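Number of protein chains: 2
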Amino acid sequence: MRLTKHRKQILDIFMESLDNLYSADMLYEVLDKQINIATIYRTLELFQKEGLLAKSIIDGSAYYYYTAKDHHHYMICLQCHSKIKIDCMVHHAIDDTASKEGFQVKQHDLTVYGYCKNCHK
Amino acid sequence: MRLTKHRKQILDIFMESLDNLYSADMLYEVLDKQINIATIYRTLELFQKEGLLAKSIIDGSAYYYYTAKDHHHYMICLQCHSKIKIDCMVHHAIDDTASKEGFQVKQHDLTVYGYCKNCHK
DNA sequence: TCTCCTTTTGCGAATCATTCGCAAAAATGA
DNA sequence: TCATTTTTGCGAATGATTCGCAAAAGGAGA
Numbered sequence: 013m014r015l016t017k018h019r020k021q022i023l024d025i026f027m028e029s030l031d032n033l034y035s036a037d038m039l040y041e042v043l044d045k046q047i048n049i050a051t052i053y054r055t056l057e058l059f060q061k062e063g064l065l066a067k068s069i070i071d072g073s074a075y076y077y078y079t080a081k082d083h084h085h086y087m088i089c090l091q092c093h094s095k096i097k098i099d100c101m102v103h104h105a106i107d108d109t110a111s112k113e114g115f116q117v118k119q120h121d122l123t124v125y126g127y128c129k130n131c132h133k
Numbered sequence: 013m014r015l016t017k018h019r020k021q022i023l024d025i026f027m028e029s030l031d032n033l034y035s036a037d038m039l040y041e042v043l044d045k046q047i048n049i050a051t052i053y054r055t056l057e058l059f060q061k062e063g064l065l066a067k068s069i070i071d072g073s074a075y076y077y078y079t080a081k082d083h084h085h086y087m088i089c090l091q092c093h094s095k096i097k098i099d100c101m102v103h104h105a106i107d108d109t110a111s112k113e114g115f116q117v118k119q120h121d122l123t124v125y126g127y128c129k130n131c132h133k
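Protein sequences appear in the order of chains A and B. Quick note: the first sequence, position 59, residue 71 per the numbering used here, numbers continuous. Quick note: the second sequence, position 87, residue 99 per the numbering used here, numbers continuous.
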């Protein structure tokens, strides 16, 4: 796999804002449409396979976030749609459960939905 | 909300096999295409809003499962695509983390990916 | 540097799950 | 039964994502 100019540009966006999620379309905008949207999709899928990014489906679209440094997830506000990063706190519980079933865990996806501090009900 | 004949048929499928996940298309097939696919989609969304079903996105499509009796999740085998039901073991961890952030949890989605007993690598 | 081969990219079209608009049908309740 | 509200079927629209293919870029060796 080649770290081309385009791929580096995309990776840089993730590394410059470690707490953020990006959809393909958001990247397309941030990059000022300089990289073709199909290329962005292909790059995101590649990075995910390489373990650099994790993918979550939120509200029908795919979002990616950088996980090479720390493993984490997001809480999504149902009202204002803000996305709050949280450290992964389920690794142990998952491993325990999986080993009981003889299941070999490769990855997991956790998303929490509710209301943030400001939108509290 | 009316529990019409169609809605009851769909709900029955879930209640008769509590460990299974169904996509709209799977239900459409199981029901022998007697209920329009758009109606199935509408019913699934309704049941989810009512808290009867939970939704997970797996491999690009939505799957629903019955959660009124017990809260659970699935481990998905990357090789044979089998879906293994697991009890939810992250409720506490999530609540703890959320309360630290003043976040009011409404629901969460957890999916574990890896290799099942038979496909172990 | 030039050449060859492999990988990546852009473009436009295709795909596929899901949603929508609207008129007909079914359910409810007086 | 009649009137009103909700649900359904149908076909078309949507929108994110993927695909096929030819052109461009990258990398390795001479």
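Think of the CB as a built atom: it goes at the ideal place given N, C-alpha and C, for glycine as much as any other residue. Given the structure is predicted, the values throughout are model-derived calculations rather than measurements.
Interface flag, residue i vs chain A, CB-CB below 8 angstroms
i	result
E62 of chain B	no
T79 of chain B	no
L58 of chain B	no
Y125 of chain B	yes
L122 of chain B	yes
Counted within 10 angstroms of its Cβ, other Cβ atoms place residue i as buried (16 or more) or exposed
i	result
M87 of chain B	buried
L15 of chain A	exposed
I89 of chain A	In the sequence on display, residue 89 of chain A carries Cys and not Ile. Looking at its Cβ environment, which holds 16 or more other Cβ atoms inside 10 Å, C89 of chain A is buried.
G126 of chain A	buried
H120 of chain B	buried
H83 of chain B	exposed
I52 of chain B	buried
A50 of chain A	exposed
S68 of chain B	buried
H85 of chain B	buried
C92 of chain B	exposed
Residue i (DSSP reduced to helix, strand or coil)
i	result
I70 of chain A	strand
V124 of chain A	strand
K6 of chain A	There is simply no residue 6 of chain A to check, as chain A begins at 13 and stops at 133 in what is shown.
K81 of chain B	coil
T109 of chain B	helix
Q21 of chain B	helix
I52 of chain B	helix
M27 of chain B	helix
H104 of chain A	helix
L39 of chain A	helix
E62 of chain B	coil
Opposing strand residues paired with residue i [DSSP bridges]
i	result
L97 of chain B	Reading off the sequence, residue 97 of chain B comes out as Lys, not Leu. DSSP lists B:Y86 as partners of K97 of chain B.
Y76 of chain B	B:Y34 and B:K67
Chain B contact for residue i (CB, 8 angstroms cutoff)
i	result
I69 of chain A	yes
Chain-ordered residues of the stretch 83-115 of chain B with a beta carbon less than 7 angstroms from chain A = M87, L90, I96, I98, M101, V102, A105, I106, T109, A110, E113, G114 and F115
Taking a cut of 7 angstroms between CB atoms, which residues from the stretch 15-46 of chain B lie near chain A?
-> none
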